[in-house]
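K.L.:
What follows is a single structure, and I will ask about it in a moment.
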């Protein structure tokens with residue numbers, strides 16, 4: 002695994018530097034009189050990704066020079082779990098675009114809860130309801146903005 006870690010870390014460092022140097026400056030405005038530039042959050046995220054990737058590259062390089070074992074393969078059940086999560090998110094995106102954002106959020110939250118083993122029906126109903134209602138209240142009542 003150290004070799005694949007090193008390769009992926011180098012790719013992430015290059016990606017982060019590309020984002021910091023070319024993409025973020027070309028896709029964001031100066032902000033005008035705003036106290037915080039619109040480019041600040043993307044720059045923080047790209048800097049964090051680049052920094053963490055650099056740390057990963059150094060650690061992987063050290064493991065390679067020490068000749069440590071390559072690691073272990075991923076179990077089939079973990080690949081299945083990953084595929085189920087990707088399918089659930091894909092379904093939520095489709096529902097979000099063509100049906101209703103609240104329904105998409107409810108299906109995503111409740112579906113993943115059931116997949117992860119939750120069987121208490123009241124919790125499967127209550128958690129999405131509270132999260133969706135709380136999000137609606139935050140945006141419309143507290144912040145005074147529209148959703149959608």
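Residue numbers (our numbering): 2 to 149. C-beta atoms are modelled at their ideal positions from N, C-alpha and C, and glycine is treated no differently.
(1) Which class does residue 146 belong to by DSSP, given the choice of helix, strand or coil?
(2) Between 106, 10 and 123, which lies nearest to residue 133 when the distance is taken from Cα to Cα?
(3) Determine the direct distance from the alpha carbon of residue 113 to that of residue 103, and round the result to whole angstroms.
(4) For residue 4, collect the residues of the same chain with a Cβ closer than 7 Å to its Cβ; drop the 5 residues on either side in sequence, then sort them by chain order.
(5) Are the Cβ atoms of residue 16 and residue 54 separated by less than 9 Å?
(6) On the criterion of 16 or more Cβ atoms from any shown chain inside 10 Å, does residue 108 qualify as buried, or is it exposed?
(7) Check residue 114 in the structure and name its three-state DSSP category.
(8) I'd like the list of long-range same chain contacts for residue 147, defined as Cβ closer than 8 Å, with 5 residues on each side in sequence excluded.
(9) Sort 26, 43, 57 and 48 by Cα distance to residue 8 and report the nearest one.
P.N.:
So, from the data block:
(1) Three-state DSSP puts residue 146 in coil, outside helix and strand.
(2) Ranked by how close their Cα comes to the Cα of residue 133, the residues 106, 10 and 123 have 106 in first place.
(3) Cα-Cα distance, rounded: 16 Å.
(4) Contacts found: 65.
(5) With respect to the 9 Å criterion, residue 16 and residue 54 are classified as neighbours on the basis of their beta carbons.
(6) By the Cβ-count criterion, residue 108 is buried, with 16 or more other Cβ atoms from all chains shown falling within 10 Å of its own Cβ.
(7) Helix, per DSSP.
(8) Same-chain partners within the cutoff: 140 and 141.
(9) Closest by alpha carbon: 57.
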